[in-house]
Amino acid sequence: MIKVNNQIQTTDIRKLNREQRGKLIFERGRIAKKNNFWVVGSQTSFKVYKVSFNGHTPVCNCPDCQLRKDKCKHIFAVELYIKRQINKEGKLTETRGINIKQYSQKWSAYNKSQTNEKLIFMKLLKDLCENIEQPEYKFGRPTLPFSDMLFGSVMKVYTGFSLRRFMSDMKIAHDYGLVDNVPCYSSLSNFMNKEEVKPILENLITISSLPLKEIEKDFAVDS
């Protein structure tokens with residue numbers, strides 16, 4: 026196998042893996058978009074195969090994909106085809122049969138959301154945490170507000186910082202009036218390790234996703 030100008034050159038496709046074979050199919054232009062699926066020409070015959078997406082999972086009706094339940098060369102080819110539709114200027118080209126529609130990136134909205142993401146997230150998180158009831162106080166040393174501890178736990182994960190480094194973010198949140206107290210990093214660590222916090226966090230995920238339920242049905246694991 027030889028690469029020329031980033032293109033695969035070979036005299037024996039049997040020596041290539043599925044991804045490399047898919048790149049060859051893509052480079053030879055044997056792909057067409059049909060409604061909600063793609064038609065991909067066979068590499069060794071006049072057959073064509075259908076690639077579609079079951080949610081986020083690509084599926085092909087070729088024997089290889091049906092047998093292995095994994096990506097075949099036709100799926101790899103379609104993925105390269107889809108990536109090519111987004112050019113360097115951020116313009117998305119959606120192909121529907123012979124009609125081509127283009128959607129320009131709205132850079133003003135994109136820039137505004139990106140430059141204010143953290144502050145917007147913190148304000149939304151504050152609203153979410155205020156819906157959580159404070160557990161009934163029983164005995165011992167009074168604890169900090171449950172909403173503040175929950176806010177700190179989620180924000181800590183969002184920032185990706187260690188607990189000690191994250192304390193500056195909690196002080197900023199306090200200055201903005203998003204929390205009433207700034208807990209010690211060790212107190213926050215103990216709170217995050219409590220088993221009873223898990224269902225509360227899962228409930229917050231459910232609540233935060235409700236506005237999207239009418240337009241989104243399939244979510245990736247990291248959504």
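So the mapping is simple: the working numbering equals the position in the sequence shown, first residue as 1, plus 25.
C-beta atoms are modelled at their ideal positions from N, C-alpha and C, and glycine is treated no differently.
- Nearest neighbour of LYS196 by Cα position, chosen from GLY185, ASN218, LYS223, PHE176, turns out to be PHE176.
- If you look at PHE62, you'll find it in the beta strand (DSSP E) that goes 62-66.
- If you ignore the 5 residues before and after ILE225, its C-beta comes within less than 8 Å of the C-beta of ILE157, LEU175, all in its own chain and listed in chain order.
- For TYR74, no alpha helix (DSSP H) run applies; the uninterrupted beta strand (DSSP E) run containing it begins and ends at 73-79, by DSSP.
- Annotation: LYS219 is outside any beta strand (DSSP E) and is labelled neither H nor E by DSSP.
- The stretch 203-217 makes no contact with the stretch 231-238, as fewer than three CB pairs between them are under 8 Å.
- Membership of ILE107 in the alpha helix (DSSP H) is indicated by the continuous run 98-109.
- Of all alpha-carbon atoms in SER70, LYS72, SER187, LYS98, the one lying nearest the alpha-carbon of PRO83 is that of LYS98.
- Secondary structure in the stretch 162-195: the alpha helix (DSSP H) runs of 4 residues or longer, each lying completely within the stretch, are 171-184 in chain order.
- DSSP, read as helix, strand or coil, puts CYS209 in coil.
- By the neighbour-count criterion, in which 16 or more other beta carbons inside 10 Å mark a residue as buried, SER172 falls on the buried side.
- For PRO88, the enclosing alpha helix (DSSP H) starts and ends at 88-93.
- Taking a 10 Å sphere around the C-beta of ALA134, we find fewer than 16 other C-beta atoms and assign the residue as exposed.
- Rounded to the nearest whole angstrom, the C-alpha separation of ASP152 and THR184 is 19 Å.
- About 11 Å separates the Cβ atoms of LEU150 and VAL182, ruling out a contact at the 8 Å cut-off.
- For ILE56, the enclosing beta strand (DSSP E) stretches over residues 56-59.
- One Cα belongs to GLU44, the other to GLN130, and the distance between them is close to 30 Å.
- Taking 8 Å as the cut-off, the beta carbon of PHE51 is found closer than this to the beta carbon of TYR106.
- Under the three-state reduction of DSSP output, THR82 falls in the strand class.
- Per DSSP, ILE157 lies in no alpha helix (DSSP H) segment and is marked neither H nor E.
- For THR140, the enclosing alpha helix (DSSP H) has its first and last residue at 132-140.
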